[in-house]
Amino acid sequence: MKLVSDPAIADKIRKMNQRVRWQDPAIMERGIDQTQLVLDDKKSEEPEFSFLVVGDSGSGAHPGHNPQRQVAKLMQPHQKECSFMLHTGDVVYLVGSSEYYQKNFIKPYREFLLGGEDYRRIAYDQMIFKQPILPVPGNHDYYDLPLIYGLASLAAMPVRHLFPSKLNFDVGAHGSWKGDAYAKAFLDYLKAFMLPGDLARHLDEHYTAKTDTGRCLRYQPGQFTRLPNRYYSFRYGGIDFFALDSNTFNAPLPLPATQEGDASRQELSKRRDELERQKMQFMEESAKLNPDNHSEAEKLDDSQHQVSQIEEMIVDIDKQLGSDEKTVTDIDQLEWLKHRLIKSWNTADVRGRIIYFHHPPYVSETTKWNQSQTLAVRDRLRTVLNAVAEVVGSNTGDRPLVDLVLNGHAHCLEHLETVDTGSADSRIHWIVCGGSGYSLRRQRTEGPDLMENQKLVAHSRLFVGRNGTGSLKRRPYSCLRIDVKEGSTPKFIVRPLVAEWYQREWHNYEMESFQI
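Numbering (the numbering used here), first residue to last: 131 to 646.
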């Protein structure tokens with residue numbers, strides 16, 4: 131039985147466009163760029179600044195401990211010195227439901243919210259950040275529940291009673307409604323303005339910033355903290371930030387209609403059946419555990435981690451089996467990124483570029499390194515960067531097209547660097563920050579070097595994830611502080627912050643920083 135359902139890419143694009151009233155006549159006639167924002171905090175021109183990064187955070191309490199809240203506490207001493215927080219997606223588990231924003235987002239991050247001292251009174255669709263949180267959507271922020279789960283919940287029967295299991299997933303009566311909860315929580319939900327004149331008044335009040343691409347949304351900490359779209363860009367301290375929605379360009383390439391393709395389909399189907407068998411085995415074994423016993427509670431936590439991990443592998447296989455010649459890719463978003471990167475390289479005031487989105491193109495975490503979605507995102511981003519390189523040519527000197535790429539999805543903290551890949555994604559630094567609250571995962575046993583067609587393309591320089599076994603098992607949850615230094619070629623000082631759950635105690639520490 132499937133735990134989650136992932137909407138079609140075409141549905142995600144269509145629904146999100148409706149929610150922000152994409153290219154509505156009132157927006158077009160005002161010359162508004164719906165993919166740009168200005169972060170109006172009176173400090174955005176300063177060349178030195180710091181920011182925080184978290185990802186895959188949105189889970190409730192694990193048995194006996196709450197890693198998401200612990201990571202939030204890690205950030206508090208850095209809060210005043212940092213201009214904003216980037217979130218690499220999966221804001222709320224398990225299915226991005228509005229029912230879980232209070233528990234899995236508002237409560238743990240209350241210090242970032244206006245009125246956070248009385249966080250129980252904050253509605254998920256009325257949040258105002260006193261310090262900006264700038265997210266991108268993750269796959270779980272789009273997920274929905276299969277109908278049987280919703281019916282069971284409406285009948286007042288907890289979902290976990292559907293299984294021979296004591297696993298307690300963060301699901302209720304419904305899922306995200308194809309990302310609607312995320313949109314209401316973070317985006318400027320223009321669909322809500324139904325009365326004549328309301329939209330025009332709103333646009334004239336909040337879309338007052340001016341850039342070289344037209345008018346755009348003015349993000350004002352403590353006053354108006356909405357994002358214009360599911361993908362967007364902003365400039366801060368001379369650095370161009372590009373936030374992407376990778377959920378709409380991660381579809382695997384179609385399997386060929388050949389004998390080889392048919393063999394691949396059969397192999398994938400067999401693998402899927404085996405994963406379903408393993409999932410049910412974990413659920414059955416969990417039924418024998420006592421959640422009131424400390425050691426068995428941690429085994430329940432491990433079982434939940436295993437089931438969630440297997441479910442994501444099943445989703446990936448389903449995407450491969452469901453792909454055909456009609457596979458949808460969000461060409462408009464990728465074209466937007468291409469043109470904005472070219473424009474960035476042709477703008478004298480810009481000294482650096484950071485891209486962040488959910489699905490990592492390069493990662494050595496055990497379940498994600500060779501997933502079809504990983505390879506699809508790598509291929510599509512590489513195509514964009516190759517097209518940019520053809521235009522900007524030698525303008526880049528010896529610098530990569532992008533200084534830093536930040537991702538989530540893989541439940542770990544990892545720093546990788548590409549070597550000469552033969553494409554324009556060479557010599558880029560990639561940081562996966564996806565270990566900020568949900569169950570952690572291990573590095574693959576094959577090692578830190580990533581190969582492609584028997585050629586080395588990337589090397590993992592740092593991996594922080596689940597390690598050890600039995601009583602020596604360590605769960606190092608993490609986030610980042612990144613300090614940006616002045617200079618025409620900026621330096622980025624990356625400071626990993628870790629809250630490690632070990633032998634039923636928290637051990638907080640800052641790892642050795644490194645420079646990009």
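No residue lacks a Cβ here, since even glycine has one placed at the ideal position from N, Cα and C.
Predicted model, so just to flag it, every value in this text is computed and none were measured.
Where the beta strand (DSSP E) through residue i begins and ends
{"i": "V594", "result": "585-594"}
{"i": "L214", "result": "Going by the sequence as given, residue 214 is Phe instead of Leu. From DSSP, F214 is part of no beta strand (DSSP E); its letter is neither H nor E."}
{"i": "G341", "result": "Before going on, a small fix: residue 341 reads as Thr here, not Gly. Start and end: 339-341."}
{"i": "L167", "result": "162-169"}
{"i": "L536", "result": "534-537"}
{"i": "D579", "result": "579-582"}
{"i": "S182", "result": "Note on residue identity: the sequence assigns Leu, not Ser, to residue 182. Where L182 is concerned, the enclosing beta strand (DSSP E) stretches over 179-184."}
Paired residues, beta bridge with residue i - DSSP
{"i": "E544", "result": "V562, F593"}
{"i": "H637", "result": "E630"}
{"i": "L133", "result": "L133 pairs with nothing; no bridge assigned."}
{"i": "F364", "result": "F371"}
{"i": "P265", "result": "H217"}
{"i": "Y223", "result": "Its beta-bridge partners do not exist; DSSP assigns none."}
{"i": "E495", "result": "Q573"}
{"i": "P606", "result": "E630"}
{"i": "V624", "result": "I612, F644"}
{"i": "Y486", "result": "A373, L536"}
{"i": "R345", "result": "I162, K340"}
{"i": "L357", "result": "L317"}
For residue j and residue i, the rounded distance between their alpha carbons
{"i": "S180", "j": "D403", "result": "47 angstroms"}
{"i": "R470", "j": "F364", "result": "11 angstroms"}
{"i": "T690", "j": "Y362", "result": "The structure shown does not extend to residue 690, since the chain is modelled only from 131 through 646, so no value can be given for it."}
{"i": "T388", "j": "P267", "result": "36 angstroms"}
{"i": "S601", "j": "S608", "result": "21 angstroms"}
{"i": "A187", "j": "S569", "result": "It is worth fixing the name first, because residue 187 is Ser in this sequence and not Ala. Near 9 angstroms, if we compare the C-alpha coordinates of S569 and S187."}
{"i": "P197", "j": "W636", "result": "9 angstroms"}
{"i": "K409", "j": "G523", "result": "50 angstroms"}
{"i": "W631", "j": "E415", "result": "24 angstroms"}
{"i": "V258", "j": "I472", "result": "Just to set this straight, residue 258 is Ile in the shown sequence, not Val. Those two C-alpha atoms are separated by around 33 angstroms."}
{"i": "Q439", "j": "T497", "result": "7 angstroms"}
{"i": "D533", "j": "L275", "result": "38 angstroms"}
{"i": "V73", "j": "N269", "result": "In the structure as shown, the chain begins at 131 and stops at 646. Residue 73 is therefore absent and cannot be evaluated."}
{"i": "V222", "j": "V134", "result": "14 angstroms"}
Close beta carbons around residue i, own chain, < 6 angstroms, minus the five adjacent residues each side
{"i": "P491", "result": "V507, R508, L511"}
{"i": "R481", "result": "G368, S618, P620"}
{"i": "S394", "result": "L385"}
{"i": "K449", "result": "P382"}
{"i": "Q436", "result": "F412"}
Alpha helix (DSSP H) segment containing residue i, residue limits
{"i": "Y312", "result": "310-316"}
{"i": "K468", "result": "461-475"}
{"i": "S425", "result": "424-452"}
{"i": "F371", "result": "Careful: F371 lies outside any alpha helix (DSSP H), inside the beta strand (DSSP E) at 369-373."}
{"i": "F412", "result": "389-416"}
{"i": "V549", "result": "Element bounds for V549: n/a, residue is neither H nor E."}
{"i": "R149", "result": "139-149"}
{"i": "V480", "result": "Unbroken run through V480: none, as it is neither H nor E."}
{"i": "L515", "result": "502-522"}
Cβ neighbours of residue i in the same chain (closer than 7 angstroms, five flanking residues each side left out)
{"i": "R591", "result": "H545, L546, E547"}
{"i": "D479", "result": "G368"}
{"i": "L398", "result": "I447, Q450, L451"}
{"i": "N516", "result": "S553, A554"}
Close-in-space but distant-in-sequence residues of the same chain around residue i (CB under 8 angstroms, 5 per side omitted)
{"i": "E178", "result": "G367, D613, V614, K615, E616"}
{"i": "K173", "result": "F179, S213"}
{"i": "A286", "result": "Reliability fails at A286, whose pLDDT of 41 lies under 50, so the model's placement of it is uncertain and the value that follows must be treated cautiously. Here the set comprises nothing."}
Any C-beta of chain B under 7 angstroms from that of residue i
{"i": "S601", "result": "As a matter of chain content, chain B is missing from the structure shown, which is built from one protein chain."}
Contact between the region 407-425 and the region 547-567 (3+ Cβ pairs under 8 angstroms): The way I'd put it, the region 407-425 doesn't touch the region 547-567; fewer than three beta-carbon pairs between them come closer than 8 angstroms.
Examine the Cβ distances between the region 318-335 and the region 149-161 and report whether three or more of them are shorter than 8 angstroms. yes
Determine, using beta-carbon pairs with one atom in the region 527-545 and one in the region 485-502, whether at least three such pairs fall under 8 angstroms. For the pair of segments examined, the region 527-545 was found to touch the region 485-502: the number of CB pairs separated by less than 8 angstroms reaches three.
With contact counted as at least three CB pairs below 8 angstroms, one residue from each stretch, are the region 154-168 and the region 334-349 in contact? yes
Take every Cβ of the region 555-562, pair it with every Cβ of the region 228-242, and state whether three or more of those distances are shorter than 8 angstroms. no
Count the C-beta pairs between the region 457-473 and the region 368-379 that are closer than 8 angstroms, then say yes if the count reaches three, no if not. yes
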